[in-house]
Amino acid sequence: AQTVTQSQPEMSVQEAETVTLSCTYDTSENNYYLFWYKQPPSRQMILVIRQEAYKQQNATENRFSVNFQKAAKSFSLKISDSQLGDTAMYFCALGADGLTFGKGTHLIIQP
Amino acid sequence: KAGVTQTPRYLIKTRGQQVTLSCSPISGHRSVSWYQQTPGQGLQFLFEYFSETQRNKGNFPGRFSGRQFSNSRSEMNVSTLELGDSALYLCASSLAGPTVSGANVLTFGAGSRLTVL
Numbered sequence: 001a002q003t004v005t006q007s008q009p010e011m012s013v014q015e016a017e018t019v020t021l022s023c024t025y026d027t028s029e030n031n032y033y034l035f036w037y038k039q040p041p042s043r044q045m046i047l048v049i050r051q052e053a054y055k056q057q058n059a060t061e062n063r064f065s066v067n068f069q070k071a072a073k074s075f076s077l078k079i080s081d082s083q084l085g086d087t088a089m090y091f092c093a094l095g096a097d098g099l100t101f102g103k104g105t106h107l108i109i110q111p
Numbered sequence: 112k113a114g115v116t117q118t119p120r121y122l123i124k125t126r127g128q129q130v131t132l133s134c135s136p137i138s139g140h141r142s143v144s145w146y147q148q149t150p151g152q153g154l155q156f157l158f159e160y161f162s163e164t165q166r167n168k169g170n171f172p173g174r175f176s177g178r179q180f181s182n183s184r185s186e187m188n189v190s191t192l193e194l195g196d197s198a199l200y201l202c203a204s205s206l207a208g209p210t211v212s213g214a215n216v217l218t219f220g221a222g223s224r225l226t227v228l
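Protein chains in written order, with our numbering: chain X, 1 to 111; chain U, 112 to 228.
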């Protein structure tokens with residue numbers, strides 16, 4: 001069975017700060033993908049970033065980057081220069097034999 | 112191009128009734144997945160359809176069922192509704208079918224919010 005754990009139910013930071021969201025996972029698969037999805041208030045869930053487990057280089061998308069530690073089964077998301085529009089639920093997900101989501105972290109960006 | 116469309120967006124039912132939710136994927140997408148989202152349990156996988164065949168199924172009772180049509184549109188049905196079925200039901204589509212590595216990027220709809228009284 002696959003598990004995804006997000007240990008921070010809620011986080012709050014000031015606008016322009018950098019914030020890191022934690023995610024750990026467990027799987028017996030060797031080849032898998034990891035994702036961060038964002039769900040803004042009353043809006044659709046969208047993909048933030050994707051990482052293939054075989055790639056050692058951490059994925060980056062503009063202000064969003066990940067710290068992927070395969071041996072530790074850790075996949076954290078760093079948001080630089082946070083903006084008010086980053087306020088959302090963030091879900092870490094593991095893709096291997098189906099997609100398993102963590103419970104989410106509610107990120108609040110304060111003005 | 113149009114996104115993933117889910118209907119209805121909101122609905123209220125009473126215990127014992129049944130409900131059917133609809134999902135139209137992005138044009139060209141052949142895979143449709145369904146998720147149940149609740150504050151307590153988070154996002155839980157219901158099932159995935161590809162080319163009109165159920166390819167994966169989550170750990171839900173048989174009251175939850177689905178199907179996919181030849182145009183890739185999908186419906187899910189919940190019979191004998193219980194209070195605990197109150198949730199946001201999310202549909203997501205992807206271009207390709209299920210992969211062992213789980214590489215597919217999902218495009219989600221806005222969801223159907225079901226309230227069971």
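Beta carbons are placed, not taken as given, at the ideal position from N, Cα and C, and that holds for glycine.
Cα separation between residue i and residue j?
i	j	result
U/A221	X/K73	31 Å
X/K70	X/R50	14 Å
U/D196	X/Y32	31 Å
U/L132	U/V216	22 Å
X/L34	X/Q56	13 Å
X/L84	X/N67	23 Å
Throw me the rounded Cβ distance for the residue i and residue j pair, which I believe falls under 8 Å.
i	j	result
U/E193	U/R120	Actually they are not in contact, since the Cβ atoms of U/E193 and U/R120 sit about 22 Å apart, beyond 8 Å.
Cutting at 7 Å between CB atoms, please list the residues of its own chain near residue i, excluding the five before and the five after it.
i	result
X/D86	I79, L107, I109
Give the secondary structure of residue i by DSSP, where H, G and I count as helix, E and B as strand, and everything else as coil.
i	result
U/L225	strand
X/D81	coil
U/L217	coil
U/L194	helix
Excluding the five sequence neighbours on either side, which residues of its own chain have a C-beta within less than 6 Å of the C-beta of residue i, listed in chain order?
i	result
X/Q39	M45, A88, M89
U/F158	W145, Q165, K168, G177
X/L99	A93
X/T18	S80
Give every residue of the same chain whose Cβ lies closer than 8 Å to the Cβ of residue i, excluding the five residues on either side of it in the sequence, and list them in chain order.
i	result
X/S7	S22, T24
Worksheet item: Using a Cβ cut-off of 7 Å, which residues of the region 22 to 44 of chain X contact any Cβ in chain U, in chain order?
Response: Cβ contacts with chain U come from N31, Y32, Y33, Q44.
Worksheet entry | Residues in the region 84 to 107 of chain X having any Cβ partner in chain U nearer than 9 Å | Flagged, chain order: F91, A93, L94, G95, A96, D97, G98, L99, T100, F101, G102, K103, G104.
Discussion item. Give me the subset of the region 127 to 158 of chain U whose CB atoms are less than 7 Å from a CB atom of chain X, sorted by chain position.
Written reply: Using a CB distance below 7 Å, the part of the region 127 to 158 of chain U facing chain X consists of G153, L154, F156, ordered along the chain.
Item to complete: Residues of the region 167 to 189 of chain U with a CB closer than 8 Å to any CB of chain X: list them in chain order, please.
Response: Result list: N167, G169.
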